[in-house]
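There are 2 protein chains.
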Amino acid sequence: MQAALDLFGERGFERTTVVEIAERAGLTERTFFRYFADKREVLFAGASMLQDVVVQAVVDAPHSATPLDAAVAGIEAASAVLQDGRELSRRRQAVINANRELQERELIKLAALGTAIADALRRRGVKDPSASLSAEMAIAVFKISFGRWVSQSGQRELRSIIRASLNELKGVATS
Amino acid sequence: MQAALDLFGERGFERTTVVEIAERAGLTERTFFRYFADKREVLFAGASMLQDVVVQAVVDAPHSATPLDAAVAGIEAASAVLQDGRELSRRRQAVINANRELQERELIKLAALGTAIADALRRRGVKDPSASLSAEMAIAVFKISFGRWVSQSGQRELRSIIRASLNELKGVATS
DNA sequence: GGGCGGATGTCAGTTACTGCCATGACTATA
DNA sequence: TATAGTCATGGCAGTAACTGACATCCGCCC
């Protein structure tokens, strides 16, 4: 994963071959493909762990929380995990933003996160389409907040950006 | 496009080669790749036309419309285009739902549609993050409504499903 | 010392995709 | 009618992602 991120940063994703990644990591191409289903996946290995954190937080949200607030509690938990690695997130995001295939992979990971959140909400007794809609809104908040967080120059915390975006969303939906 | 959809339906996306698609269409593989950037794209050729329709409808929405309502006016315009081809949409969606790579492509097309809607909203004078959030919410409404429309057995119109989903979303955001 | 399971290496094969050049059909113009 | 130019297509060779089958090696247990 380290070798891949470095190489993608140096030459770009397309101009880096899997053989080069494997060589830098001291392995062979075949071994790379035993750990990662494809070349893109090497940048998204942490996603499933993050998803577990999110789902747990949704399940653990206070009983009084609305579906949307419970869903956003999930992505706030994710933000706590990411908060300390902003430089890493930034390098990674720069690579993703420079390549369309990687953006596709990022989107399907976010979509999977959304369905996981919707499932967790249903376990809380939330019915459809409220569960799906709340999950989609939480993902929208996360996408926009994360984008602002990695591109800003200041030190504002991801959590506070998420809170602000959520309030904006509520305002936009009611106006 | 016809040959590809048929073959994907018969054998599945992965077990269909581009050579086979080209042969059935009476062409060569090389010519296929002159019309479609990659094998997946053959299923998404109509997306850019649909995007134009959506953007136009957002721009043309009444001055009094809120950002969210203007954005949803865009996807309602798209629904009018799709309404008459439900069988086609259904066959196409079955192929997409059976393959992860195609889902990725679908998601990035929807994301592109979202940024196009956000741009159109900004042209209406809507500021960020309202523009982005309204666009994301409209896309969420579309995803959920379209999914219900293609999977339902009845004849309920896509437009009416969109209206209902939008009302649900507004309720979820305010509760 | 001898098996045993798991991680790794090797190698051949398929397929998506690209660049380059050739060819044939159609069109505008002298 | 002849010629030149443009455009769609074909042919072909090459790269790189990915896969399956088999060999090997290393740590470990008996």
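Top to bottom, those sequences are chains P and L.
Numbering-wise, the numbering used here puts 1413 at position 81 of the first sequence, and it's gapless, one number per residue.
Numbering-wise, the numbering used here puts 1411 at position 79 of the second sequence, and it's gapless, one number per residue.
Glycine included, each C-beta is placed from N, C-alpha and C at the ideal position.
Checklist entry - Could you give the distance in angstroms between the alpha-carbon of Leu1445(P) and the alpha-carbon of Arg1343(P)? => result Translated into positions along the first sequence, residue 1445(P) becomes position 113. Translated into positions along the first sequence, residue 1343(P) becomes position 11. Their backbone Cα atoms lie some 30 angstroms apart in a straight line.
Item to check | Straight-line gap, Val1504(L) to Glu1468(P) (C-alpha atoms, nearest Å) | outcome: For this step, residue 1504(L) is matched to residue 172 along the second sequence. For this step, residue 1468(P) is matched to residue 136 along the first sequence. Roughly 11 angstroms separates the two Cα atoms.
Checklist entry - Would the segment 1462-1476 of chain P and the segment 1369-1384 of chain P be scored as touching if the rule is three or more Cβ pairs under 8 angstroms? => result At 8 angstroms Cβ cutoff, the stretches do not touch.
Item to check | Backbone CA spacing between Phe1474(P) and Ile1440(P) [nearest angstrom] | outcome: Translated into positions along the first sequence, residue 1474(P) becomes position 142. Translated into positions along the first sequence, residue 1440(P) becomes position 108. Rounded to the nearest angstrom, the two C-alpha atoms are 14 angstroms apart.
Checklist entry - From Ala1397(L) to Val1387(L), what does the alpha carbon distance come to, in whole angstroms? => result As a position in the second sequence, residue 1397(L) is number 65, starting the count at 1. As a position in the second sequence, residue 1387(L) is number 55, starting the count at 1. Rounded to the nearest angstrom, the two C-alpha atoms are 15 angstroms apart.
Checklist entry - For Ser1462(P), which residues in chain L fall below 7 angstroms Cβ to Cβ? => result Numbered from 1 along the first sequence, position 130 holds the residue referred to as residue 1462(P). Here the neighbours are Glu1500, Val1504.
Item to check | Contacts that Lys1475(P) makes with chain L (C-beta to C-beta distance below 8 angstroms) | outcome: Counting from one through the first sequence, the residue named residue 1475(P) turns up at place 143. Ordered by position in chain L, the residues that pass the 8 angstroms Cβ test against Lys1475(P) are Glu1468.
Checklist entry - Between the C-alpha atoms of Leu1420(P) and Ala1336(L), what's the straight-line distance to the nearest angstrom? => result Start at 1 with the first residue of the first sequence, and residue 1420(P) comes out as number 88. Start at 1 with the first residue of the second sequence, and residue 1336(L) comes out as number 4. Each residue's CA atom was taken as its position, placing Leu1420(P) and Ala1336(L) some 41 angstroms apart.
Next on the checklist: With a threshold of 7 angstroms on Cβ separation, who are the neighbours of Lys1371(P) within its own chain once the five nearest residues in sequence on each side are excluded?
Outcome noted: In the first sequence, counting from the first residue as 1, residue 1371(P) sits at position 39. Within the same chain, and ignoring the five residues on either side of Lys1371(P) in sequence, the residues whose Cβ sits closer than 7 angstroms to its Cβ are Val1350.
Next on the checklist: Which same chain residues end up closer than 7 angstroms to Met1333(L) when comparing Cβ atoms and leaving out the 5 residues on each side of it in sequence?
Outcome noted: What you label residue 1333(L) is simply residue 1 of the second sequence in a count that begins at 1. So the list reads Val1374, Ala1377, once near-sequence residues are dropped.
Checklist entry - Whose C-beta lies closer than 8 angstroms to the C-beta of Ile1476(P) among residues of the same chain, with five residues either side of it excluded? => result Sequence index remark: in the first sequence, residue 1476(P) carries index 144 (1-based). Residues Ser1497 of the same chain have their beta carbon placed closer than 8 angstroms to that of Ile1476(P), with the five preceding and five following residues left out of the count.
Next on the checklist: I want to see whether chain L comes within less than 8 angstroms of Ala1472(P), judged by CB atoms only; does it?
Outcome noted: What you label residue 1472(P) is simply residue 140 of the first sequence in a count that begins at 1. By this cut-off, Ala1472(P) is an interface position.
Next on the checklist: Can you list, in chain order, the residues of its chain with a C-beta nearer than 7 angstroms to that of Glu1438(L)? Leave out the 5 residues immediately preceding and following it.
Outcome noted: Translated into positions along the second sequence, residue 1438(L) becomes position 106. So the qualifying residues of the chain are Ile1428.
Checklist entry - Are the segment 1446-1458 of chain L and the segment 1400-1413 of chain L touching by the rule of at least three beta carbon pairs closer than 8 angstroms? => result The segment 1446-1458 of chain L is in contact with the segment 1400-1413 of chain L.
Next on the checklist: Assuming Gln1435(P) is part of the alpha helix (DSSP H), what are its boundary residues?
Outcome noted: Here residue 1435(P) is taken as the residue at index 103 of the first sequence, counted from 1. Judged by DSSP secondary structure, Gln1435(P) falls within the alpha helix (DSSP H) whose first and last residues are 1432-1455.
Item to check | Pairwise C-alpha distance: Glu1352(L) and Ala1470(P) | outcome: Start at 1 with the first residue of the first sequence, and residue 1470(P) comes out as number 138. Start at 1 with the first residue of the second sequence, and residue 1352(L) comes out as number 20. Just so you know, the alpha carbons of Ala1470(P) and Glu1352(L) end up roughly 42 angstroms apart.
Item to check | CA nearest to the CA of Gln1484(P), picked from Ala1472(P), Arg1418(P), Arg1432(P) | outcome: Within the first sequence, the letter at position 152 stands for residue 1484(P). Each of Ala1472(P), Arg1418(P), Arg1432(P) was checked against the Cα of Gln1484(P), and the nearest Cα belongs to Arg1418(P).
Checklist entry - Cβ atoms of Leu1359(P) and Thr1348(P): under 8 angstroms apart, would you say? => result Walking along the first sequence from the start, residue 1348(P) turns up at place 16. Walking along the first sequence from the start, residue 1359(P) turns up at place 27. For Thr1348(P) and Leu1359(P), no; Cβs fall outside 8 angstroms.
Checklist entry - With 8 angstroms set as the bound, which would you pick, yes or no: does the beta-carbon of Pro1394(P) sit closer than that to a beta-carbon of chain L? => result Mapped onto the first sequence, residue 1394(P) falls at position 62. So, not an interface residue.
Checklist entry - For Ile1493(L), which residues from the same chain have a beta carbon less than 6 angstroms from its beta carbon, with the 5 sequence-adjacent residues on both sides left out? => result By one-based count along the second sequence, residue 1493(L) stands at place 161. Within the same chain, Ile1493(L) has close Cβ partners Ser1477, Arg1480, Trp1481.
Checklist entry - What runs of the beta strand (DSSP E), each 3 residues or longer, lie entirely inside the segment 1355-1442 of chain L? => result The segment 1355-1442 of chain L contains no whole beta strand (DSSP E) run of 3 or more residues.
Next on the checklist: So, at 7 angstroms on beta carbons, what are the nonlocal neighbours of Leu1382(L) in its own chain, with the 5 sequence-adjacent residues on each side left out?
Outcome noted: Position 50 of the second sequence, counting from 1, holds the residue named residue 1382(L). Here the set comprises Ala1410, Val1413.
Checklist entry - Roughly how many whole angstroms lie between the Cα atoms of Gln1415(L) and Arg1422(L)? => result Locating residue 1415(L) in the second sequence gives position 83, counting from the first residue. Locating residue 1422(L) in the second sequence gives position 90, counting from the first residue. Between Gln1415(L) and Arg1422(L), the C-alpha separation is close to 11 angstroms.
Item to check | Chain-ordered residues of the segment 1433-1453 of chain L with a beta carbon less than 7 angstroms from chain P | outcome: Hits within the stretch, in order: Gln1435, Glu1436, Arg1437, Leu1439, Ile1440, Ala1443.
Checklist entry - Can you name the residues of chain P whose CB is closer than 8 angstroms to the CB of Ser1497(L)? => result The count along the second sequence starts at 1 and reaches residue 1497(L) at position 165. Residues of chain P passing the Cβ test: Pro1461, Leu1465.
Checklist entry - To the nearest angstrom, how far is it from the Cα of Pro1394(L) to the Cα of Leu1501(P)? => result The residue given as residue 1394(L) occupies position 62 in the second sequence. The residue given as residue 1501(P) occupies position 169 in the first sequence. Each residue's Cα considered, the two are about 22 angstroms apart.
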